[in-house]
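In numbering that gives the first Met the number 0, the protein residues as written are 0 to 782. Quick reminder that beta carbons are idealized off the backbone N, C-alpha and C, glycines included. The structure appears right after this line, and notes come after that.
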Amino acid sequence: MKLCEYCVEHVLEKNDCWDYHHASYASLEASSGDGLEHGKDISRLPVQQKQHCLFCWTLHNDIKNIAPGLKKLERAGAWPVYRWNIRSLARIRESFETVVVTFRYVPPADEAKEDDVEEVELPTRTFFLFPEDDLSPLLSPHQLGISTDPKINGGYQIRSWVETCDTTHIDCMKRRKSTPKAHRFVPTRLLDISGLPDTPIRLIETATTSVHGPYCSLSHCWGLIKFVELRDENRTKFMQEGIPWYRFTKNFQDAIEVARFLEVGYIWIDSLCIIQRSEEDWKHEASRMHLVYRNSYCNIAIADSADSTGGAFRVRNPDAVMPARYQPRENSPLFGKKAWRVVPENLWDSGLLQTFLYARGWVFQERMLSPRILHFANNQVFWDCPSLSACETLPAGLPQPTDNAAGPDRHWRGRLQEPEGRHEPLAGANDQSLASFWKVAVLKYTSCNLTMGKDKLIAMWGIAKLIRDELGVEYGEGLWEENLEDQLAWRVEECKLTVRPSESTEWNLERKIPSWSWASMDGVILTPDRLTDQKHFTVKDHYGQRLTFDLVGVKRSFRPGVRPIEAPPPLQSRGMSDSGAELQRRNKELRRDPIDTHDNRVDIRIHSPEKVDRDAEPRFHSKSIRIQGHVGRGRLEWEELKKGWVVQLDDETVNVGLEAFPDTIPDLDNPTDHFPYFVVLAAKQVIGAQHADFTFKPTTHKHPQISDDASTAENDHAGEYFEVSGHGIMLKDVGNHHFHRTGAFRFENVSNETFVNLQRTHDWELFSSDIYHSKRGRKIWLD
């Protein structure tokens with residue numbers, strides 16, 4: 000890859016800080032590579048076709064892939080469609096000297112647009128230039144080689160990364176270093192690859208066969224093409240005779256060759272070390288997946304293969320893979336006389352995270368839990384450990400400006416590798432909180448795809464378990480019990496589905512997950528921040544307590560009654576067993592009307608002293624969450640001006656719209672969608688100036704007022720004006736006081752009077768005193 004004469008003369012060596020780039024599509028196409036096939040990887044072109052401009056090729060590809068209609072606009076005077084700017088970044092601490100070039104899309108003027116061309120938004124592209132000496136040592140094209148196969152290119156860089164990590168990275172492999180060999184975890188089954196090449200490979204069960212040395216693990220795409228699997232019927236044969244080499248797919252053969260190159264004698268491959276079509280074995284092994292990856296010597300990731308046949312290794316043109324080189328023709332105020340290398344800002348994303356493998360949901364957990372990873376991508380090998388993210392063309396590591404994607408993941412991968420029994424917390428003093436990490440983890444995980452919807456939670460359980468054990472906070476179905484009223488207010492980033500996957504009957508979508516869990520949906524999920532440490536209102540359960548899960552193995556002891564908002568959550572302890580009489584008593588208690596909150600009896604409704612496997616996903620006695628709050632009803636509408644949904648509250652005293660986020664595309668012809676129920680989960684109150692967005696009329700009729708918490712706060716600041724912000728969920732009635740979630744909503748800076756009006760139960764006069772309380776609202780079960 001190189002830079003063309005046009006870009007050198009009109010961008011890097013021009014004395015302006017910005018200008019337009021290429022006056023015509025033909026000019027851009029010529030610089031990028033005339034005749035290049037759509038979507039073809041330039042690094043795989045023959046040598047005689049390799050000399051194409053990095054800037055122009057990138058921009059040209061964006062137009063071809065995203066906005067091919069821009070070619071039609073050339074005659075209309077719409078070009079140029081890009082403008083560039085160039086600047087030098089200030090140096091901070093040990094950062095490299097850096098020049099940044101940015102290309103931004105310039106939309107056509109109105110008179111240049113054509114009716115048959117859709118409006119587009121091309122991405123902004125950023126490139127960093129670093130002094131060549133700062134990136135040293137760089138491999139030569141000869142050292143890089145014509146293949147990513149270490150047997151062909153010698154594997155010098157792979158061996159160097161592993162040896163450096165083993166000998167100099169004090170923050171890497173902490174678990175392995177701190178655990179005596181006799182106590183190191185080994186998976187239930189492994190493949191013994193210590194034999195001769197091309198000979199059968201034997202499956203071993205570690206309970207009866209000693210394991211001598213470490214093991215590698217494998218991340219790969221299964222695809223739709225069938226391949227060899229471990230089954231009950233072939234298990235004995237695979238253990239006694241081994242699996243013939245020819246039966247291994249290209250992925251498996253290449254992974255085994257990499258492990259052998261690393262001089263590791265065992266490898267763990269999911270389809271060959273977990274008995275397929277055995278629910279019992281799957282449940283056992285799935286609960287230990289975090290242990291398998293956390294304790295592997297190195298994870299081998301075959302990133303560029305969509306199925307089992309693609310293999311790990313790729314032929315390449317080393318000159319095309321190397322970063323473009325720029326040598327100023329004369330002394331420059333910006334560049335001086337030294338040579339520079341050009342690195343795309345999105346190198347890690349485009350070269351690795353956007354590959355076939357990392358679109359898989361399962362692999363997110365594998366990537367975050369593995370102590371170190373060799374990623375075999377489409378034109379080079381990437382390396383990842385807690386101390387270094389690198390690739391063959393930048394073997395010393397990614398320069399800081401290009402490390403935004405890899406850096407946070409690398410940091411948390413290191414934290415998640417911390418051995419048990421340490422004295423320091425998992426999140427250090429300078430770290431983000433674990434809650435912030437979880438928020439980002441859910442967003443990244445839900446951006447990936449899963450073949451089977453029923454795997455939505457188990458594929459994330461390994462990470463969740465480590466956080467649960469660190470925080471001591473109970474976890475269930477993707478949510479945390481602490482501040483559960485905030486957790487429940489998650490939302491989908493973009494409403495695209497017409498049917499909730501958990502309510503679908505399609506084999507690949509169905510899942511037994513409650514509607515209150517984000518795992519009941521597909522698509523990117525945004526989890527809310529904790530509203531505040533000083534909420535003035537939170538919804539309660541049927542007993543006037545904080546919302547909790549009804550988990551097997553969790554014992555709670557507390558007295559009923561409304562606790563102060565600042566009080567800690569109920570103490571939790573573990574028991575050894577459940578007696579039949581106790582379970583009967585508990586089930587009877589669940590069916591009874593709630594106890595009087597003014598009674599001083601000890602509440603025994605959630606005693607669950609059954610011994611549980613803490614490595615396994617938490618189990619529920621009941622997945623229904625008991626909520627007592629004011630269940631209102633509104634009208635869902637699309638607001639064209641704001642391009643979003645709102646829940647309108649038609650009331651003679653207030654006219655307010657709540658910003659709404661439906662889980663699925665609403666059918667406004669369906670009354671259930673058009674007129675959703677809703678409940679406020681949490682709100683915070685601040686003293687503010689008079690809010691003028693809404694017009695209020697005084698309440699003239701008797702109606703239930705705000706809950707005790709809010710009333711107290713209001714009385715404490717009598718005469719002051721409050722603004723309130725908060726969030727809640729939209730609901731649909733499924734009968735017998737049970738509801739399903741249909742979306743989320745939020746409101747910001749509404750008046751206190753408006754909030755009081757949000758605390759009204761729809762048709763409250765129809766409910767008995769067992770179900771409805773004038774201050775605390777209606778008792779419902781959220782399923």
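Pairwise C-alpha distance: residue j and residue i
i	j	result
Arg412	Cys297	13 Å
Lys13	Tyr104	20 Å
Gly804	Asp612	Residue numbering for the chain in the displayed model covers 0 to 782; residue 804 lies beyond these limits and cannot be assessed.
Arg745	His726	4 Å
Asn669	Ser435	38 Å
Glu96	Asp15	20 Å
Ser30	Cys52	6 Å
Glu609	Val441	30 Å
Ser135	Tyr444	35 Å
Pro513	Gly477	10 Å
Phe721	His541	28 Å
Pro527	Glu658	14 Å
Lys180	Asn294	12 Å
Lys282	Met288	10 Å
Asn120	Pro661	Here residue 120 is Glu; the residue named in the question, Asn, does not match the sequence. Cα to Cα, Glu120 sits roughly 26 Å from Pro661.
Gln399	Leu352	18 Å
Glu4	Phe54	11 Å
Trp515	Leu456	13 Å
Gln583	Thr450	Because Gln583 sits at a pLDDT of 45, beneath the cut-off of 50, its placement in the model cannot be relied upon, and the following sentence gives the value as read from the coordinates. Each residue's Cα considered, the two are about 39 Å apart.
Val733	Ser501	15 Å
Asp708	His736	Since pLDDT at Asp708 reaches only 45, below the 50 mark, its modelled position is unreliable, and no value is offered.
Glu747	Lys641	15 Å
Lys337	Asn330	9 Å
Contact with chain D by residue i, beta-carbon distance below 8 Å
i	result
Asp269	Among the chains of the structure shown, chain D does not appear; only one protein chain is present.
Residue i, DSSP secondary structure in three states
i	result
Met459	helix
Val723	strand
Thr97	strand
Ala518	helix
Pro67	helix
Glu616	coil
His673	helix
Leu465	helix
Thr125	strand
Gln684	strand
Lys778	strand
Pro140	helix
Ala405	helix
Val538	coil
Thr504	coil
Val210	coil
Limits of the unbroken beta strand (DSSP E) element including residue i
i	result
Asp18	Trp17 to His20
Trp83	Tyr81 to Leu88
Ser218	Tyr214 to Ser218
Cys390	Leu387 to Cys390
Ile151	Ile151 -> not in any beta strand (DSSP E); alpha helix (DSSP H) instead, spanning Pro149 to Asn152.
Closest by C-alpha distance to residue i, when choosing among the options
i	options	result
Val257	Asp383, Asp148, Asp15 and Thr741	Asp148
Trp347	Pro370, Gly360 and Leu393	Leu393
Pro385	Ser23, Trp56, Arg414 and Lys70	Arg414
Leu525	Ser446, Phe548 and Gly452	Ser446
Trp267	Leu261, Trp281, Val291 and Arg276	Val291
Met459	Arg545, Phe363 and Asp383	Phe363
Leu11	Lys236, Asn756, Phe127 and Pro617	Phe127
For residue i, the first and last residue of its enclosing alpha helix (DSSP H)
i	result
Ser159	Tyr155 to Thr167
Ser767	That residue, Ser767, is in no alpha helix (DSSP H); it is neither H nor E in DSSP.
Asn751	Asn751 to Leu757
His283	Glu278 to Ala285
Check: residue i C-beta below 7 Å from any heavy atom of the ligand FAD
i	result
Phe744	Only the bare structure without any ligand can be found here, which leaves the ligand FAD out of the picture.
Is there contact between the region 477-486 and the region 537-547, where contact requires at least three CB pairs shorter than 8 Å?
-> yes
Can at least three beta-carbon pairs, one atom from the region 173-185 and one from the region 240-249, be found at a separation below 8 Å?
-> no
Counting pairs of Cβ atoms below 8 Å between the region 267-282 and the region 225-232, do you hit three or more?
-> yes
Specify whether the region 731-750 and the region 665-683 touch according to this definition: at least 3 beta carbon pairs, one from each stretch, less than 8 Å apart.
-> yes
With contact counted as at least three CB pairs below 8 Å, one residue from each stretch, are the region 301-311 and the region 209-225 in contact?
-> yes
If we count Cβ pairs, one from each stretch, closer than 8 Å, do we get three or more for the region 332-352 versus the region 175-185?
-> no
Stretch pair the region 184-201 + the region 160-169: three plus CB contacts closer than 8 Å = no
Using 8 Å as the Cβ pair cut-off and three pairs as the minimum, do the region 625-633 and the region 744-762 touch?
-> yes
The region 321-336 contacting the region 370-382, beta-carbon criterion three pairs below 8 Å = no
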